[in-house]
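Student: Handing you a structure now.
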Amino acid sequence: MYAQRRKWSAEEEEAFLAGVRKYGPGKWSYIINDPEFRAQLSTRSNIDLKDKWRNMMIKEESKTLVNQIGAMNLACAEGLSDIFPIISNQ
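Per my numbering, the very first residue in the sequence shown carries number 7; after that it's consecutive.
Here it is as structure tokens:
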């Protein structure tokens, strides 16, 4: 029914990202048909590229959210240290 999923190689990811830099996101057929990237992406479809981009953006958004939460926790902890000084063992 469905094609078997294959993990992306580092070479495929590099070609994919270079293609996105050259043509922009959403220009999947341009990237696949470009002679510069065609060999590395020969087993990938437009849908594969679209899905890879979506998954990369989800991961990037998650990292950003984690960083924002960490910064908020740090700011909160720093603010509380003024109210509740940390007692260190000396």
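Just so you know, even glycine gets a beta-carbon here, dropped at the ideal spot from N, CA and C. Fair warning: this is a prediction, and the values are worked out from it, not measured in the lab.
#1: Going along the chain, which residues of its own chain have a beta-carbon closer than 7 Å to the beta-carbon of Ile53, five neighbours each way excluded?
#2: I need the straight-line Cα distance from Arg11 to Leu47, nearest angstrom please.
#3: Per DSSP, what kind of secondary structure is Asp40 in: helix, strand or coil?
#4: Taking the alpha helix (DSSP H) that Lys33 belongs to, which residues open and close that run?
#5: With a 10 Å radius around its C-beta and 16 neighbouring C-beta atoms as the bar for buried, classify Ile64 as buried or exposed.
#6: From Lys56 to Gly25, what distance separates their C-alpha atoms?
#7: Could you tell me which of Arg50, Met78, Lys33 sits nearest to Ser15, measuring between CA atoms?
Tutor: Let me spell this out:
#1: Here residue 53 refers to the residue found at position 47 when the sequence shown is read from its first residue. By the criterion of a C-beta distance shorter than 7 Å, Ile53 is surrounded by no residue of its chain, once the five residues flanking it on both sides are discounted.
#2: Within the sequence shown, numbered from 1, the residue matching residue 11 stands at position 5. Within the sequence shown, numbered from 1, the residue matching residue 47 stands at position 41. Roughly 14 Å separates the two Cα atoms.
#3: As a working note, residue 40 is residue 34 in the sequence shown. Secondary structure at Asp40: coil, using DSSP grouped into helix, strand and coil.
#4: The residue you call residue 33 lines up with position 27 of the sequence shown. Taken as a continuous stretch (DSSP letters only), Lys33 belongs to no alpha helix (DSSP H), as it is neither H nor E.
#5: On the sequence shown, position 58 is the one that residue 64 refers to. Exposed, by the Cβ-count rule.
#6: Locating residue 56 in the sequence shown gives position 50, where the first residue counts as 1. Locating residue 25 in the sequence shown gives position 19, where the first residue counts as 1. C-alpha separation (whole angstroms): 12 Å.
#7: Mapped onto the sequence shown, residue 15 falls at position 9. Among Arg50, Met78, Lys33, the Cα nearest to that of Ser15 is on Arg50.
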